[in-house]
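**Student:** For the sequence shown, position 218 matches number 218 in full-length UniProt numbering, and the numbering has no gaps at all.
Ideal placement from N, C-alpha and C gives every residue a C-beta, glycine not left out.
Computed from a predicted structure; not experimentally measured.
Submitted below is the structure of interest, expressed as structure tokens.
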Amino acid sequence: MGSRTVTSKQIEVQRIVDALSKAIAQHRLRPGTRLIEAQIVEALKANRNHVQSALQRLAMQRIVTIEPNRGALVSQPSAKEARDVFAARRAIERAIVESITPEAMREHRQRTAAHMRSERKATNASDRRDIVRELSEFHLMLGEISGNTVLAEILGNLMVRSSLIVALYQRNDQPACASDEHEQIVSALEQGDRDKAIRVMIEHLDELEAQLALEELAEPEVDIRQILSDL
Ligand SMILES: [Zn+2]
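Set out below in structure tokens:
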């Protein structure tokens with residue numbers, strides 16, 4: 001710490017973190033999947049130490065859970081955590097949309113246009129993994145266009161966690177995001193109508209959350225003594 005030199009170890013750990021995050025975000029590794037170190041070492045041709053550091057870093061990001069004596073597994077966020085992640089996304093993505101200027105949109109015009117094309121293509125081809133990747137890519141792209149690297153970084157973490165949440169709680173097998181809402185957000189931003197862009201983004205996130213079955217069974221608040229004495 002303290003030194004800003006990026007060591008080869010850091011680069012290698014980041015490579016493993018990125019590979020696992022991507023597999024988790026794309027639902028290739030589903031919540032609850034056991035992450036066996038030896039298999040990751042083999043698949044990524046990585047060193048065991050680096051894999052351990054990567055798993056620890058993912059655990060700090062709440063993407064992986066490390067259980068004493070049982071090793072690492074892909075996290076299974078609770079319904080409460082799912083709601084908290086969506087509340088955080090509303091705050092962060094509002095801030096992202098707020099900081100995107102029409103100039104920034106002009107500067108990134110080609111990129112947004114190319115993204116919207118591949119999003120439509122994925123949706124039409126209905127390959128679920130492609131769709132999941134493209135739809136989440138949209139949100140990350142706005143983070144980058146905002147130019148605020150801190151907001152973009154926080155969103156990166158929230159998007160992987162959202163992906164876990166969708167894998168666990170999505171009611172039907174439909175892709176979470178709707179492309180036309182994405183298009184409305186892009187065109188509002190291009191026209192400099194940030195209020196509209198924010199409104200559509202918030203509605204969009206509300207809609208995504210509403211598609212989740214988050215009625216987790218609350219700990220029943222029952223008094224067993226009372227119930228048994230009433231018999
Ligand atoms: Zn979306």
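So if DSSP puts residue 34 in a beta bridge, which residue, or which two residues, is it bridged to?
**Tutor:** As a first step, residue 34 is located in the sequence shown; it is residue number 34 there, counting from the start. Per DSSP, 73.
**Student:** Could you tell me the alpha carbon to alpha carbon distance between residue 272 and residue 28, rounded to whole angstroms?
**Tutor:** A query on residue 272 cannot be resolved here, the shown segment of the chain reaching from 1 to 231 and no further.
**Student:** Could you give the DSSP three-state label for residue 66: helix, strand or coil?
**Tutor:** Within the sequence shown, the letter at position 66 stands for residue 66. Three-state DSSP puts residue 66 in a strand.
**Student:** Going along the chain, which residues of its own chain have a beta-carbon closer than 6 Å to the beta-carbon of residue 14, five neighbours each way excluded?
**Tutor:** Residue mapping note: residue 14 aligns to position 14 of the sequence shown, counting from 1. Around residue 14: no qualifying Cβ.
**Student:** Around the C-beta of residue 54, are 16 or more other C-beta atoms found within 10 angstroms, so that it is buried, or is it exposed?
**Tutor:** Along the sequence shown, read from residue 1 onward, the residue named residue 54 stands at position 54. Answer is buried; the Cβ neighbour count reaches 16.
**Student:** For residue 182, verify whether its CB is less than 7 Å away from any heavy atom of ligand 1.
**Tutor:** Numbered from its first residue, the sequence shown carries residue 182 at position 182. Residue 182 Cβ: within cutoff of ligand 1.
**Student:** Does the beta-carbon of residue 228 have 16 or more other beta-carbons within 10 angstroms, so that it is buried, or is it exposed?
**Tutor:** Locating residue 228 in the sequence shown gives position 228, counting from the first residue. So residue 228 ends up on the exposed side.
**Student:** Use the C-beta contact count for residue 112: other C-beta atoms within 10 angstroms, 16 or more gives buried, fewer gives exposed.
**Tutor:** Within the sequence shown, residue 112 is the residue found at index 112, counting from 1. Buried.
**Student:** With DSSP as the reference, label residue 60 as helix, strand or coil.
**Tutor:** Position 60 of the sequence shown, counted from the start, is the residue given in the question as residue 60. In the structure shown, residue 60 sits in a helix (DSSP, three-state: H, G or I).
**Student:** Whole alpha helix (DSSP H) runs in the region 112–149 with 4 or more residues, listed along the chain?
**Tutor:** If we require 4 residues or more, the alpha helix (DSSP H) runs fully inside the region 112–149 come out as 128–146.
**Student:** My output table needs one value for residue 170: the three-state DSSP class, helix, strand or coil.
**Tutor:** What you label residue 170 is simply residue 170 of the sequence shown in a count that begins at 1. Of the three classes helix, strand and coil, the one that applies to residue 170 here is strand, per DSSP.
**Student:** Within 10 Å of its beta-carbon, does residue 1 have 16 or more other beta-carbons around it, so buried, or fewer, so exposed?
**Tutor:** As a working note, residue 1 is residue 1 in the sequence shown. Residue confidence is low: residue 1 scores 48 on pLDDT, short of 50, so the model does not pin down where it sits. No coordinate-derived value is stated.
**Student:** I'd like to confirm the pairing. Which residues does DSSP put opposite residue 212 in its beta bridges?
**Tutor:** As a position in the sequence shown, residue 212 is number 212, starting the count at 1. DSSP, once it has assigned bridges, lists 170 as partnering residue 212.
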